[in-house]
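Peer 1: Can you keep this structure in mind? I'll have questions shortly.
Protein chains in written order, with our numbering: chain A, 68 to 399; chain B, 1487 to 1776.
Structure, rendered in structure tokens:
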């Protein structure tokens, strides 16, 4: 009962948030990024956290959704975006099934390696084909989404929130369902799971497909929201790693871990990118603006967010391998 | 153009790939760790060769005398400080740790050396030997290949004859049994990682005269090194050697007959095909995929 009350308050707060902050595109933009990363990481968590299959190529499914949607809409501007999303899910599922068919017979390092290889094949193919816009990417200039006011970011805030809620709902359901128990059994000990009659390949593929479909929907939404995509934005290995990192920091295999991870990482990245951190150091009088260090920070800190990600990853694996939520669980 | 031209240049480039692949395979064999920082270690080797050439005016091939021990030490320390702390962790933690270390290396390089690609131009960079039949061999590629052969030969003798080499192979075959026989497996891991790093950096230095030197160059080499290891059989040093040559030839052939845009795709498709048809690799033992 206490949980339901807490959840209701949380949901109400999330729904009311855009009304409270008003029309502030910058803040809303960051909130959308937080929701998207939380949802992406939760979708990854279904496969990586619960089934224990670490995919290092989730950008492929994100890109499949984004590219399918934008390619369809540039060619058929009147198409219903929901149909585009559905086609995106099919594209992502095909990629997922090919990956699953090849690697789920194998164990250990192979799934991780093969997921990268598949993602790289997708990225390079998109880069080399003409209909995908190649290195230039795709710009969607004119689109009407059921007559929504696209100058406001709020519709996308609610769309992302909805997908996050659905993803979390599926994860919560999985935790106590038969499939969920099977997945966790596979994660803990494949041989034991198999000897108890669990069809390993079927359940691994099931969680992969679910995870890929959700990721693809988020890719479609991202494409509609930004209306410009290229391979470095939606298909890069860096995106796949950010998704995993978010889950790791929050806590892999926990329901709320990805959300906690996104709440920490996305604002941090934004602070580095927009140089807020550098400015804050100067303002606090810690670093003089004209000193060599001050100039260096001003010029470089904006590019350093991947470096910071690297440092956080290393520290997290060494000192906090179960993530922030894992920390609380242990003390219980 | 004759069929022999891409074959020959493929073999020569493949030799250097083999060196990187052997380094990764050694680490995998002894420590059972997939090293995702391997490509970035290659990138560091490229920059070491570049700065040895531009600042100290040392020929990139001669600079190996400096790069090899430096990289060995660096790898040895990396293992002692970071990698050995996750040696009994699940695979994914090891992978993420090496990814994190790789991100730190490549992005530090990006801050320090900027994203402008560097080119290492020596007096012989564009010279070539002409063979009968209109085939030409690029001089730096040939030098790199010959040096690779010497290094692989020395490594082979080291692994098969020396006490440390035998201890490394024993650890690779069975870690627990090796420990029971009194081998210091923790030290062997550090040595293996040091050797792997030294081989990666050497491979980087050897291709520096023929490639763009860029902080993110390691990325594509990492995936190539993995393909080589899986093709040869994870942990098999001989397999990695042969795998490197095969990848070099496949790449050169697809660049010639298909298009250079697609050559990486062909390599990754080959990687998936190996996983599908022969997951233990060409030289791996059957059932060794767990």
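A virtual CB, placed ideally from N, CA and C, is assigned to each residue, including glycine.
For a contact defined as C-beta to C-beta under 9 Å, what are the partners of residue 1575 of chain B on chain A?
Peer 2: What residue 1575 of chain B touches in chain A: 384, 388.
Peer 1: For the segment 1576–1587 of chain B, list every residue whose C-beta sits within 7 Å of some C-beta in chain A, in sequence order.
Peer 2: Residues passing the 7 Å Cβ filter: 1577, 1578, 1579, 1581, 1582, 1583, 1585, 1586, 1587.
Peer 1: Alpha helix (DSSP H) containing residue 1643 of chain B: first to last residue?
Peer 2: Segment 1625–1647, the alpha helix (DSSP H) holding residue 1643 of chain B.
Peer 1: How many whole angstroms separate the CB atoms of residue 1511 of chain B and residue 1723 of chain B, which I take to be in contact at a CB cut-off of 8 Å?
Peer 2: Correct: roughly 6 Å between the Cβ atoms.
Peer 1: Using the rule of at least 16 other Cβ atoms within 10 Å of the residue's Cβ for burial, across every protein chain shown, is residue 1667 of chain B buried or exposed?
Peer 2: Burial call: exposed.
Peer 1: Quick one: does residue 1593 of chain B have its CB under 8 Å from some CB of chain A?
Peer 2: Chain A contact via Cβ: present.
Peer 1: Interface residues of chain B around residue 380 of chain A at Cβ under 8 Å?
Peer 2: Near residue 380 of chain A (Cβ distances below 8 Å), the residues of chain B are 1582, 1583, 1585, 1586, 1589.
Peer 1: From this set, A:116, A:373, A:374, A:384, which residue's C-alpha is nearest residue 238 of chain A's C-alpha?
Peer 2: That would be A:116, whose Cα lies nearest to the Cα of residue 238 of chain A.
Peer 1: Could you tell me whether the Cβ of residue 1773 of chain B comes closer than 8 Å to any Cβ of chain A?
Peer 2: Only weak support is given to the placement of residue 1773 of chain B: the predicted model assigns it a pLDDT of 43, under 50, and the value that follows is read from those uncertain coordinates. Answer no: the Cβ-Cβ gap between residue 1773 of chain B and chain A never drops below 8 Å.
Peer 1: Looking at chain B, which residues of the segment 173–189 of chain A have a Cβ within less than 8 Å of any of its Cβ atoms?
Peer 2: So the list reads 173, 174, 175, 176, 177, 179, 180, 181, 183, 184, 185, 187, 188, given in the order they occur along the chain.
Peer 1: Quick one: any contact between the segment 370–386 of chain A and the segment 1690–1709 of chain B, if contact means 3 or more CB pairs under 8 Å?
Peer 2: Contact between the segment 370–386 of chain A and the segment 1690–1709 of chain B is absent, because fewer than three Cβ pairs lie under 8 Å.
Peer 1: Answer yes or no: do residue 1725 of chain B and residue 1515 of chain B have a C-beta to C-beta separation smaller than 8 Å?
Peer 2: Their beta carbons are not under 8 Å apart, which means residue 1725 of chain B does not touch residue 1515 of chain B by this criterion.
Peer 1: From residue 1554 of chain B to residue 107 of chain A, what does the alpha carbon distance come to, in whole angstroms?
Peer 2: Approximately 42 Å, taken between the alpha carbons.
Peer 1: Please report the distance separating the alpha-carbon of residue 373 of chain A from that of residue 70 of chain A.
Peer 2: In a straight line, the C-alpha of residue 373 of chain A is about 36 Å away from that of residue 70 of chain A.
Peer 1: What is the DSSP secondary structure of residue 1663 of chain B, reduced to helix, strand or coil?
Peer 2: Here residue 1663 of chain B sits in helix by DSSP.
Peer 1: Does chain B have any CB closer than 8 Å to the CB of residue 248 of chain A?
Peer 2: Chain B, which has no Cβ nearer than 8 Å to the Cβ of residue 248 of chain A, makes this no.
Peer 1: If you draw a straight line from the C-alpha of residue 1489 of chain B to the C-alpha of residue 1625 of chain B, how long is it?
Peer 2: Near 20 Å, if we compare the C-alpha coordinates of residue 1625 of chain B and residue 1489 of chain B.
Peer 1: Just the C-alpha distance for residue 121 of chain A and residue 1767 of chain B, rounded to the nearest angstrom, thanks.
Peer 2: Looking at the two C-alpha atoms, the distance is approximately 22 Å.
Peer 1: Using a cut-off of 8 Å between C-beta atoms, extract the partners of residue 1765 of chain B located in chain A.
Peer 2: Those within 8 Å of residue 1765 of chain B in chain A are 172, 173, 177.
Peer 1: Assign residue 1604 of chain B to one of three DSSP states: helix, strand, or coil.
Peer 2: Three-state result, residue 1604 of chain B: strand.
Peer 1: When the cut-off is 8 Å and only beta carbons count, does residue 1707 of chain B lie next to chain A?
Peer 2: Residue 1707 of chain B does not count as touching chain A.
Peer 1: Using only the alpha-carbon positions, how far apart do residue 221 of chain A and residue 292 of chain A sit?
Peer 2: One C-alpha to the other measures close to 10 Å.
Peer 1: With distances taken Cα to Cα, identify the nearest neighbour of residue 1456 of chain B among B:1762, B:1742, B:1695.
Peer 2: Look at the range of chain B in this structure, 1487 to 1776, and you will see that residue 1456 of chain B is not part of it.
Peer 1: If you draw a straight line from the alpha carbon of residue 1582 of chain B to that of residue 389 of chain A, how long is it in whole angstroms?
Peer 2: Between residue 1582 of chain B and residue 389 of chain A, the C-alpha separation is close to 13 Å.
Peer 1: Just to confirm my understanding: we take residue 95 of chain A, look at its own chain, exclude 5 residues before and 5 after, and list those with CB closer than 8 Å. What are they?
Peer 2: So the list reads 85, 88, 220, 221, 224, once near-sequence residues are dropped.
Peer 1: Return the residues of the segment 1499–1525 of chain B that lie within a Cβ-Cβ distance of less than 7 Å from chain A, sorted by chain order.
Peer 2: Residues passing the 7 Å Cβ filter: 1520.
Peer 1: Per DSSP, which one or two residues make a beta bridge with residue 206 of chain A?
Peer 2: DSSP, once it has assigned bridges, lists A:295 as partnering residue 206 of chain A.
Peer 1: Going along chain B, which residues have a C-beta under 7 Å from residue 192 of chain A?
Peer 2: Residues of chain B passing the Cβ test: 1751.
Peer 1: Using a cut-off of 7 Å between C-beta atoms, extract the partners of residue 1712 of chain B located in chain A.
Peer 2: Correct list: 180.
Peer 1: Suppose the cutoff is 7 Å on Cβ atoms and the five residues either side in sequence are ignored; what does the same chain contact list for residue 1775 of chain B look like?
Peer 2: For residue 1775 of chain B, the predicted structure reports a pLDDT of 39, less than 50, and the residue's modelled location is therefore unreliable. The matter cannot be settled from this model.
Peer 1: Could you check whether the segment 1544–1553 of chain B touches the segment 1672–1682 of chain B, counting it as contact only if at least three pairs of C-beta atoms, one from each stretch, sit closer than 8 Å?
Peer 2: Touching, no, given that fewer than three Cβ pairs across the two stretches are closer than 8 Å.
Peer 1: Tell me the DSSP secondary structure of residue 1593 of chain B in three-state form.
Peer 2: Reduced to three states, the DSSP call for residue 1593 of chain B is helix.
Peer 1: Going by the CB atoms, is the gap between residue 1653 of chain B and residue 1638 of chain B shorter than 8 Å?
Peer 2: No. Outside cutoff.
Peer 1: Which word fits residue 1503 of chain B, buried or exposed, when buried means at least 16 other C-beta atoms lie within 10 angstroms of its C-beta?
Peer 2: When all chains shown are included, residue 1503 of chain B counts as buried.
Peer 1: Spatial neighbours of residue 81 of chain A within its chain, please: C-beta separation below 8 Å, excluding the five flanking residues on both sides.
Peer 2: Excluding sequence neighbours, residue 81 of chain A sits near 228.
Peer 1: Sort out for me which residues DSSP pairs residue 1615 of chain B with in a bridge.
Peer 2: For residue 1615 of chain B, which the question treats as bridged, DSSP gives the partners B:1623.
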